[in-house]
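Peer 1:
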Amino acid sequence: RYALHLPLEIFAGGRKVVAELEDLSRTGMFVRVEDPPPEGTLVHVAFTAGAQRFVTSGNVMHSLDETDARSLGRRVGIGIEFRLPTRPNDKLFAIAVERLLEGVAHTHPARAADRRVIVATSHVRLLERLSAAFGAAGFSVGTAANGLEAIAACLRAKPDVLVVERTLPIIDGIEVVERIATTPKLAGLPMIVMSDDPRDGTLAFELGAMDFVTKPFSTDELVLRVRRLVRGPQHVVFSGDLAEIPLPALLTMFELERKSGQLALRRLSAHGAYANAWIDLDDGRIVNARSTELHADPRRVVMSLLDWTDGQFELTTSRDEELPPCELALQITHLLLEHARESDEARRQLAM
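For the working numbering, count along the sequence shown from 1 and bump the result up by 122.
1) Report back the beta-carbon spacing between Ile302 and Leu284 to the nearest angstrom; my notes put them in contact at under 8 Å.
2) Using only the alpha-carbon positions, how far apart do Arg380 and Asp363 sit?
3) Tell me Pro129's beta-bridge partners as DSSP assigns them.
4) Using the C-alpha atoms, what's the distance from Lys337 back to Asp319?
5) Closest Cβ-Cβ distance between Phe334 and chain C: below 9 Å?
6) Express the C-alpha separation of Val359 and Leu459 in angstroms, rounding to a whole number.
7) In the structure shown, what three-state DSSP assignment does Val246 receive?
8) Would you mind stating whether Glu156 and Met183 have Cβ atoms separated by less than 9 Å?
9) Pick from Arg221, Ser179 and Leu164: whose alpha carbon is nearest that of Ala171?
10) Can you tell which of Ser413, Lys280, Ser391 and Pro370 has the C-alpha that lies nearest to the C-alpha of Thr324?
11) Please confirm if the segment 310–318 is in contact with the segment 255–264, defined as three or more CB-CB distances below 8 Å between the two stretches.
12) Are Gly406 and Ile454 touching if we call contact CB-CB under 9 Å?
13) Near Leu369, what residues of its chain come up, given a Cβ to Cβ distance below 8 Å and the 5 sequence neighbours on each side ignored?
14) Distance, Cα to Cα, Asp475 vs Arg349?
15) May I have the straight-line CA-CA distance separating Arg541 from Leu143, to the nearest angstrom?
16) Is DSSP giving Thr289 helix, strand or coil here?
17) Can you name the residues that DSSP bridges to Arg221?
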């Protein structure tokens with residue numbers, strides 16, 4: 123998969139849409155369009171190279187509107203899977219794509235996707251959904267339908283992250299985690315376990331998983347978790363327990379010291395599952411926040427996190443990490459005052 127920008131024409135539903143190619147592979151492409159057609163739409167793709175025009179057909183495998191694109195760090199657009207080159211024009215299109223890729227590989231080898239995730243699940247729809255989401259987020263994606271395939275895929279080429287389902291055939295996901303964690307060649311491989319049962323989380327962490335998600339979950343949230351695992355080298359600046367240092371006191375200190383980095387929070391919920399949250403800081407200001415417990419705007423997420431009275435925290439920095447787009451631009455002091463007012467109002471309502 124290569125980043126490559128090229129003007130395109132997309133024909134969908136009887137209308138022509140001018141688009142721009144963003145990512146290209148031998149089997150498909152991601153194109154930027156202002157009004158993306160829905161998943162499953164049959165489209166015709168055309169571009170001109172040199173003096174020759176090339177045309178083929180394909181299906182929209184994933185469609186990103188503005189909200190989805192922002193969550194995944196992408197542009198608004200569609201992912202297209204080319205159909206098999208059975209007709210002459212399809213074969214010519216495939217040859218043209220191959221030449222484009224060869225040219226990019228020789229001139230810009232570093233532009234190829236260098237982050238790889240393996241998704242292991244026996245559920246076809248989930249596999250398709252996650253493959254599309256990770257592909258749209260810029261990852262190279264490998265797949266496995268059972269536990270043996272998952273281990274074999276990791277041994278062939280160690281990925282950056284393995285996302286594995288608990289209920290895999292032949293060897294289940296928990297045993298996959300245990301085997302990989304004890305295999306020297308795969309030492310340190312970050313693994314995320316997916317499960318319907320939140321009680322599986324404790325065992326998954328004990329055997330070597332770095333994260334756990336309970337189904338159903340948000341695809342965007344899973345992409346964010348994987349991105350967090352594959353970020354550049356970090357070092358821990360400060361860590362501790364929220365029971366000893368409450369979050370409001372932490373944030374006040376970070377504002378005064380104008381800290382930058384990511385504050386990771388983690389606690390065991392009343393349901394027995396782990397809840398995770400992340401607050402991004404830039405020069406003592408909160409610029410983004412997200413939580414596995416609440417899918418809402420960053421301001422509302424911070425307000426909910428200020429109610430946490432237990433759990434662990436860890437502030438990390440990364441030299442090569444890019445800060446997310448600024449979604450929250452209020453000072454921490456203002457947020458704390460607003461939270462205090464909301465808490466007082468809630469107590470008054472309960473007292474009535």
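Even glycine gets a Cβ: it sits at the ideal position worked out from N, Cα and C.
Peer 2: Based on what the coordinates show:
1) 7 Å
2) 21 Å
3) Glu142
4) 8 Å
5) No chain C appears in the structure shown, which is made up of a single protein chain.
6) 26 Å
7) helix
8) no
9) Arg221
10) Ser391
11) no
12) yes
13) Leu387, Leu427, Leu428, Trp430 and Phe435
14) The shown model of the chain, from 123 to 474, leaves out residue 475, and the question about it has no answer.
15) The structure shown has nothing for residue 541, since the chain only spans 123 to 474.
16) coil
17) Paired residues: none, contrary to the question.
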